[in-house]
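Going by my numbering, 85 is the number at position 77 of the sequence shown; the sequence numbering is gapless. Virtual Cβ for every residue (Gly too), placed ideally from N, Cα, C. Here the structure is a predicted model, which means the values were calculated and not measured.
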Amino acid sequence: MALKATIYKATVNVADLDRNQFLDATLTLARHPSETQERMMLRLLAWMKYADERLQFTRGLSADDEPELWLRNDYLGIDLWVELGLPDEKRLKKACSQAKAVALFTYNSRAAQIWWQQNQARCAAFSNLSIWYLDDVQLAGLSAFASDRTMTLQATLQDGAIWLSDENQNLEIHLEAWQQPQ
């Protein structure tokens, strides 16, 4: 018998002062049986970083041909493709050719550092690719917000920092920019 996804609900208030974007949203996150809580929360953080009414979670791990998140336009083109982890060059090339902008969120300190050393030159060829890195300590703090399957979160983004809070805890997150669009 196949395991089913665990459903999480997040009510999120995002105040992105850098982009002058303010948004309240109720999101449903399906955590795949093979997905860690840290990875699921990184997907939620990626959504907050690029918050938009049209930004959607996809089938993620259940679909090889879709990103974790995408922002589609009225013509079904992809304005933003969001990936997580350490994808191969072929996947990044596909994303960069199909979307106006691509954001990759890397994590797992040891593996991510090795991946970056091996792929930095190849990634530089993709002019529409942003690569963000989140270290293990910050990722563990982020994961603590998912102690309950229902979350109410406030996120404030300013000057590259993300302040995240709920009624019990606060966390300041600094994503490290490994690559920005040219």
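Tell me whether the beta-carbon of Lys17 lies closer than 7 Å to the beta-carbon of Thr158.
A contact, by the Cβ cut-off of 7 Å.
Taking Cβ to Cβ, would you say Arg39 is nearer than 7 Å to Thr14?
Contact: yes.
Leu147 to Ile170 span [Cα, whole Å]
When rounded, the distance between both Cα atoms is 13 Å.
Between the segment 109 to 123 and the segment 164 to 180, do three or more beta carbon pairs fall short of 8 Å?
Not touching, per the Cβ criterion.
Does the distance from the C-beta atom of Leu142 to that of Leu183 stay below 7 Å?
Yes, these two residues count as a Cβ contact at 7 Å.
Using a threshold of 7 Å, state whether the C-beta atoms of Leu150 and Met56 are closer than that.
Met56 is positioned such that its CB atom lies no closer than 7 Å to that of Leu150.
Option in Gln177, Lys102, Thr66 and Arg47 with minimal Cα separation from Phe153
Nearest option by C-alpha distance: Gln177.
My assumption, with CB atoms under 8 Å, is that Glu61 sits in contact with Leu31. Please give the rounded CB distance.
Indeed, because the Cβ distance is near 7 Å, the residues count as touching under 8 Å.
Separation of Leu53 from Arg47, as counted between CA atoms
The straight-line gap from Cα to Cα measures roughly 10 Å.
Inter-residue spacing [alpha-carbon to alpha-carbon] between Met102 and Asn136:
In the sequence as displayed, the identity of residue 102 is Lys instead of Met. Distance between the alpha carbons of Lys102 and Asn136 is about 12 Å.
If we count the other Cβ atoms within 10 Å of its Cβ and call it buried at 16 or more, is Ile181 buried or exposed?
With 16 or more other Cβ atoms from the protein chains shown falling within 10 Å of its own Cβ, Ile181 counts as buried.
In the DSSP assignment, find the beta strand (DSSP E) that holds Ala163 and state where it starts and stops.
Element bounds for Ala163: Thr158 to Gln166.
I'd like to check one pair, Leu79 with Asp73: are the Cβ atoms closer than 7 Å?
No; because the gap between Cβ atoms is not below 7 Å, this pair is not in contact.
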